[in-house]
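Please read the structure below before turning to the comments.
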Amino acid sequence: METDAIITACAMTYFGISSLDMPVDEVIPPHILNGSDDEKRLWYHRHVKSMVLKYVMNKESEIFHSMVEGVQQHNRPKSRDIYNCRVCNKEYRYKKAMENHETKKHDYNVHKDESSTDTSEETEKSKSLQLQANIYALCTPQEAHRLMWNRTVNVKGQKGKNISLDLRLEHLNHILKEMLRNLGPNLNEVTAARASHSLMRIEKFLKSVDEEVGRHQPSGHHVIAKWESDFKELVNQFHIKGIFINSFKFLHEGREYDKFPKFDRNVYSSSSV
């Protein structure tokens, strides 16, 4: 409920809404209200993107733009690098050749500075940064669109019924566990492998049987009760306090975690760019 209240207060600040009782037609243009579903969806997505960039990703968006510029600059033709020996100043076109020369001719010790602090957290941040680079700079528009949106699957064949691939995998795991549990004393490595290999066909068979006998599966949607009075009170408090006015200062200046002072909010702060 708190998250919904914060999002609502953010939308009120963004659209200039004074209270929750303001009529809808004073916020949404008439041609959008009377338009098609596609027009409403495009209008909604455009404003949601603008809200996220303004109130959530204001600093990260600057990083993305600088990253795109850096990649473009890196792809520009550049002059060949020249490596000079640190003893006799002899020129080499390749760094490895220079290092071999220094070791053989001058007995110069080349110490490679290899950091061993590559933690899993830094690896995840680097992967996240690589994903953003692929989407905004490296991939073609078609590849970037596929990379960004190929995260869901639709098993019901209806609009708005997409679920995440991770959730779909959990559903399949649930069916497999039920199959293994029903094997009882016959459970062994061979029967478990046979069950996992036939998982998709078993699921399809069970669905066809349910359709024939008219059995409806529960949707699995979790309904969270909202206390309307508490929700409105939170929204009003957030809106009155103006937490999204001059949000950059609110989120980045003069605010820090009590237990982690000087905690950097930027998720890419420790990434090697």
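Quick note on the UniProt record's numbering: the sequence shown kicks off at 1 and runs consecutively. Built from N, CA and C at the ideal position, the CB exists for glycine as well. Everything numeric in this text was worked out from a predicted model, so none of it was measured.
Helix, strand or coil for N182 per DSSP? In the structure shown, N182 falls within a helical segment according to DSSP collapsed to helix, strand and coil.
Measuring straight from C-alpha to C-alpha, what distance separates Y108 and R80? If you draw a straight line from the Cα of Y108 to the Cα of R80, it is about 25 Å long.
So K161 packs on N154, CB below 8 Å; how close in whole Å? That belief holds up - the Cβ atoms of K161 and N154 are roughly 6 Å apart, short of 8 Å.
On a Cα-Cα basis, can you pick out the residue from R146, M98, I6 that is closest to V56? Measuring from the Cα of V56, the nearest candidate turns out to be I6.
DSSP-derived helix/strand/coil call for V56: Under the three-state reduction of DSSP, V56 is assigned to helix.
Could you tell me which of Q217, L176, E211, N75 sits nearest to H197, measuring between CA atoms? When C-alpha distances from H197 are compared across Q217, L176, E211, N75, the shortest belongs to L176.
Quick one, are the C-beta atoms of W68 and Y14 less than 9 Å apart? The sequence as given places Val at residue 68; Trp does not occur at that position. 9 Å or more divides the Cβ of V68 from the Cβ of Y14.
May I ask you to verify whether the region 40-52 touches the region 92-99, counting CB pairs closer than 8 Å and requiring at least 3? No contact exists between the region 40-52 and the region 92-99.
Terminal residues of the alpha helix (DSSP H) in which F238 lies: Element bounds for F238: 228-241.
Quick one: Cα of H252 to Cα of I243, how far? Low confidence applies here, because H252 scores a pLDDT of 49, under 50, leaving its location unreliable; read the following figure in that light. Here the C-alpha atom of H252 lies approximately 12 Å from the C-alpha atom of I243.
Please name the residue, chosen from S66, K207, V27, that lies closest to A133 on a Cα-to-Cα basis. Its Cα nearest to that of A133, the residue S66 stands out among S66, K207, V27.
M200 burial status per 10 Å Cβ neighbour count (16 or more: buried): By the neighbour-count rule (16 or more Cβ atoms within 10 Å), M200 is not buried but exposed.
Note down, in chain order, each residue of its chain lying with its Cβ closer than 7 Å to the Cβ of C139, except the 5 sequence neighbours on either side. L147, listed in sequence order.
Which value, in whole angstroms, describes the spacing of the CA atoms of S19 and M12? Answer to the nearest angstrom: the Cα atoms are 8 Å apart.
With a 10 Å radius around its C-beta and 16 neighbouring C-beta atoms as the bar for buried, classify C88 as buried or exposed. Classification for C88: exposed.
What I want to know is whether the C-beta of H47 ends up closer than 8 Å to one or more non-hydrogen atoms of the ligand MG. Absence of the ligand MG is noted for the structure shown, with no ligands found whatsoever.
Just the C-alpha distance for K112 and L129, rounded to the nearest angstrom, thanks. Confidence at K112 is low in this model, with a pLDDT of 49, below 50, so the placement of that residue is unreliable and no value is reported for it.
Roughly how many angstroms lie between the CA atoms of R213 and I202, to the nearest whole one? It should be pointed out that residue 213 corresponds to Val in this sequence rather than to Arg. As the crow flies, the alpha-carbon of V213 is around 17 Å from that of I202.
Look up I6 in the DSSP assignment and say whether it is helix, strand or coil. Helix.
Residues that DSSP places opposite N152 in a beta bridge: The identity of residue 152 in the sequence shown is Thr, whereas the question assumes Asn. In DSSP, T152 forms a bridge with S164.
In three-state DSSP terms, what is N100? Looking at N100 - three-state DSSP - the assignment turns out to be helix.
Return the chain-ordered list of same chain residues with a C-beta closer than 6 Å to the C-beta of Y83, the five sequence neighbours on each side being excluded. Here the set comprises Y92, K95, M98.
So for N84, helix, strand or coil by DSSP? If DSSP states are grouped into helix, strand and coil, N84 belongs with the strands.
Which residues does DSSP list as the beta-bridge partners of Y92? In the DSSP output, where bridge partners are listed per residue, Y92 has Y83.
What residue range is occupied by the uninterrupted alpha helix (DSSP H) comprising T191? Secondary structure note for T191: its alpha helix (DSSP H) is the uninterrupted segment 189-197.
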